[in-house]
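Engineer: Right, I'll just put the structure down here and ask away after.
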Amino acid sequence: MRRTAPHPDQLPLGFGEDAEIERMIEARVAIRAEAEAVRWRFRLMIVETVLLTTMVIVTGLVLHQPTAIIARGALLIGATCLSTGILLILLTGLMGKLLSRTRRWRARRSDAILPWRRP
């Protein structure tokens, strides 16, 4: 494939030449992707909560249950589903942080011990 010469007024682009810029871009993309993942987890949890609450309401109406029992059941299911979902998301995040800190600690520890090991 033939390569054309750039226009003299165009700034030269050097892709892959500056590793520091690459690292900065990758770090920003990773932070953004992590934030999007948390948002999607919350969205999924909200959808599941609404779905289960709606199913309880519809089931109660189909079975001709009293309105107070339907409302209480829907409220309990909705609150339980929401609270367990939030708890699960928080525990997942805390576990991820704990594992990354443990990995960093073990890497530092092995680097510190490495000079004293016999070959």
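Under this note's numbering, the residues of the sequence shown are numbered -5 to 113, in order.
Quick reminder that beta carbons are idealized off the backbone N, C-alpha and C, glycines included.
Please list the terminal residues of the continuous alpha helix (DSSP H) segment that includes leucine 45.
Structural biologist: In the DSSP assignment, leucine 45 falls within the unbroken alpha helix (DSSP H) covering 13 to 56.
Engineer: Is it true that the CB of glycine 67 sits closer than 9 Å to the CB of valine 50?
Structural biologist: yes
Engineer: Write down the C-beta distance between threonine 47 and isoleucine 71 rounded to the nearest angstrom, noting that I regard them as a contact closer than 8 Å.
Structural biologist: 6 Å
Engineer: Using the three-state DSSP reduction, which class does aspartate 3 fall into: helix, strand or coil?
Structural biologist: coil
Engineer: Indicate the three-state DSSP secondary structure (helix, strand or coil) for threonine 121 in the structure shown.
Structural biologist: Look at the range of the chain in this structure, -5 to 113, and you will see that residue 121 is not part of it.
Engineer: Assuming isoleucine 83 contacts methionine 18 under a Cβ cut-off of 8 Å, what Cβ separation, rounded to an integer in Å, is found between them?
Structural biologist: With a Cβ gap of about 28 Å, isoleucine 83 and methionine 18 do not count as contacting.
Engineer: Can you give the Cα-Cα distance for arginine 33 and arginine 100, rounded to whole angstroms?
Structural biologist: Spanning the two alpha carbons is a distance of roughly 31 Å.
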